[in-house]
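Structure first, then comments.
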Amino acid sequence: MIDVVCHVAIADDWEMSRGFGEYEVATRGVPLEPGGYVRATVPERVDAVVAERFGDLSIPLLRIDLSVAGLEAAGVRVEWVDGDPRVHGAIPMDPEVVLAEVPIPMGRRT
Numbered sequence: 005m006i007d008v009v010c011h012v013a014i015a016d017d018w019e020m021s022r023g024f025g026e027y028e029v030a031t032r033g034v035p036l037e038p039g040g041y042v043r044a045t046v047p048e049r050v051d052a053v054v055a056e057r058f059g060d061l062s063i064p065l066l067r068i069d070l071s072v073a074g075l076e077a078a079g080v081r082v083e084w085v086d087g088d089p090r091v092h093g094a095i096p097m098d099p100e101v102v103l104a105e106v107p108i109p110m111g112r113r114t
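Anchor point for the sequence shown: position 58 equals 62 in the working numbering, and the numbering is continuous, going up by one each time.
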């Protein structure tokens, strides 16, 4: 079982969500509704996701490491589809859920 999944967030989106206590962005430019779920990946695929989906951006990005157990304890289901995790609900800004917020250097985007 995988304990940690990662979400790539636009830093401004992540920071603005702090005041609400939860993050409701499915992926780049798509809110949780109608996006349906927060896109996530396994740690070893973060670089590939950044290159594929965010490589054209020149704004700050964050790698958000999420505890699967923390999400589920908060009532947020994590579903696996074709090897990729889907986070079905808003991400609580809780230290039991959000394990790390790591800036993604510009040089890792291509």
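Glycine included, each C-beta is placed from N, C-alpha and C at the ideal position.
Excluding sequence positions up to five away, which residues of its chain have a Cβ less than 7 Å from the Cβ of residue i?
i: I6; result: V46, V72
i: R32; result: I14, R57, F58
Take residue i as the anchor and find which of the options has the nearest alpha-carbon.
i: P99; options: V42, V53, R90, I68; result: I68
i: G23; options: V106, M97, M110; result: M97
i: G25; options: Y41, H92, V102; result: V102
i: Y50; options: L66, P38, L61, S62; result: Tyr is not the amino acid found at residue 50; the sequence shown has Val there. For the residues L66, P38, L61, S62, the minimum Cα distance to V50 belongs to L66.
i: R81; options: P64, G40, E105; result: G40
Along the beta strand (DSSP E) that carries residue i, what are the first and last residues, could you check?
i: L70; result: 65-71
i: D60; result: That residue, D60, is in no beta strand (DSSP E); it is neither H nor E in DSSP.
i: A30; result: 29-31
i: P89; result: 88-92
i: V85; result: 81-85
Taking C-beta to C-beta, are residue i and residue j nearer than 9 Å?
i: D86; j: R43; result: no
i: L36; j: A77; result: no
i: D17; j: V8; result: no
i: V123; j: V91; result: In this structure the chain extends from 5 to 114, so residue 123 is not present and cannot be described.
Taking the continuous alpha helix (DSSP H) assigned at residue i, which residues delimit it?
i: A104; result: Element bounds for A104: not the alpha helix (DSSP H) but the beta strand (DSSP E), 102-108.
i: P38; result: 36-39
i: E19; result: 15-21
i: V53; result: 50-53
Can you find the residues in the same chain that come closer than 8 Å, C-beta to C-beta, to residue i, ignoring five residues on each side of it along the sequence?
i: M20; result: none
i: W84; result: R90
i: L70; result: V8, V9, C10, H11, A44, V91, I95, V101, V102, L103
i: L62; result: Note on identity: in this sequence residue 62 is Ser, with Leu being the wrong assignment. Answer for S62: M110, listed in chain order.
Below 6 Å CB to CB, which residues in the same chain sit around residue i once its five sequence neighbours on both sides are set aside?
i: L75; result: V82, V101
Hey, does residue i have any beta-carbon neighbour from chain C nearer than 9 Å?
i: G87; result: Checking the listed chains, one finds no chain C in this structure; it contains a single protein chain.
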